[in-house]
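Comments concern the structure below.
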Amino acid sequence: MPTTLIVLAHPERRSFNGAWSDATEAAARAQGDTVLRSDLCQMGFDAVEKASHYTDWPDGTPFDPLKAQEAAATAATTPIDAAIEVEKIRQADRIVLHFPLWWFAPPAILKGWFDRTFQHGALHDVDKRFDTGLFQGRRVLMCVTTGSQADESAFNGKEGDVRLLLWPTAYTLRYLGFDVLEPVVVHGVHGYHRGDRKAELTTRLEATLKAQHSVIAGLDSHALLAFNRDEDFDDMGRLRADKPSYSPFIRHGDKSND
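Here the sequence shown is numbered in the UniProt record's numbering, starting from 1 and rising by one per residue.
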């Protein structure tokens, strides 16, 4: 049966994000999956990549994270906390990330988890990325909460298009070869609702938890985010004129001065 890795990036285990991750676990176990978990805040995961993690890094030498990771992967001296996470990622057939958007981005601990566990030399290198990434055919789902309402998070919303805010995270996963699924986003999640609005939020959150069983059961048919293939770029790494653009992050023409 498949192995599902659940990564939670929220400081409060009793939060809705925590409950949502538990619903994911229950759904995965119900269909016979092996479940692995990384509750980053509860683990006290050190999100800062630094020389002191690497016992073999020469004293006085300017720290180069990529070289340090590659050397550690070769020598089997990857820092133990990162090595444990690397092994979970290797075992996982699919990964479900649970996190809120804070200041228009995921919490820093999730970015730090990427920085420290997506190890150069272990999970990717210059020849194994994007279309040739080691994790081709494996799927990742982002389950995300925002404090803003859905209209505010739309393409023309004051809080910014949530799909664009999530693009750097999605592309990080794409870099390793993962198939990245259309995210599931729940809006308006915060503790300042009162009266009818609080009751409405409670109803929505309860419905989301109940629906998670169907979400997890349908991961194999869940819609994918679209990304350009390697062949869509020229020798300089620029998008070819006859290839489609799927995101303003990679587009035809520079309209920044329009």
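Idealized CB from N, CA, C, for every residue including glycine.
Remember, it's a predicted structure, so these values are computed and weren't measured experimentally.
Asked	Found
Rounded C-beta distance between A9 and P106? I'm assuming under 8 angstroms.	6 angstroms
For my contact list, L225 and L181 are in at a C-beta cut-off of 8 angstroms; report their separation, rounded to the angstrom.	7 angstroms
Taking the C-alpha atoms as reference points, what is the distance between G157 and T169?	20 angstroms
Pairs of beta-carbons, one from the region 81 to 93 and one from the region 185 to 197, closer than 8 angstroms: are there three or more?	no
What is the C-beta distance between S38 and V7, in whole angstroms, given that I count them as a contact (C-beta under 8 angstroms)?	5 angstroms
Can you check which of these residues, A68, D115, D230, is closest to D131 by C-alpha distance?	D230
Can you tell me the Cα-Cα spacing of F233 and R240, whole angstroms?	5 angstroms
Sorted by chain position, which residues of the same chain lie with C-beta nearer than 8 angstroms to R251's C-beta, five sequence neighbours on each side aside?	L239, S245
Name the residue from I216, T146, D46, T34 whose alpha carbon lies nearest to the alpha carbon of G160.	T146
Whose C-beta lies closer than 6 angstroms to the C-beta of D56 among residues of the same chain, with five residues either side of it excluded?	T77
Given a threshold of 16 other Cβ atoms within 10 Å of its Cβ, counted over all protein chains shown, does F16 qualify as buried or as exposed?	buried
Three-state secondary structure (DSSP) at M43?	helix
Quick one: what's got a C-beta closer than 7 angstroms to N228's C-beta in the same chain, skipping five residues either side?	L239, K243, Y246, I250
Applying the criterion that 16 or more other CB atoms from any shown protein chain within 10 Å of the CB defines a buried residue, is D258 buried or exposed?	Annotation note: pLDDT 45 at D258 (below 50); position unreliable, coordinate value reported separately. Burial call: exposed.
Among residues of its own chain, excluding the 5 on either side of L134, which ones have a beta-carbon nearer than 8 angstroms to its beta-carbon?	L123, H124, K128, L176, G177
Grouping DSSP H, G and I as helix and E and B as strand, with all else coil, what is D232?	helix
So, for L110: in the same chain, excluding its five sequence neighbours on each side, which residues have a beta-carbon less than 6 angstroms away from its beta-carbon?	A9, F99
For the alpha helix (DSSP H) holding R29, just list the boundary residues, first then last.	16 to 30
Relative to the C-alpha of D81, which candidate in L219, W103, F114, L173 has its C-alpha closest?	F114
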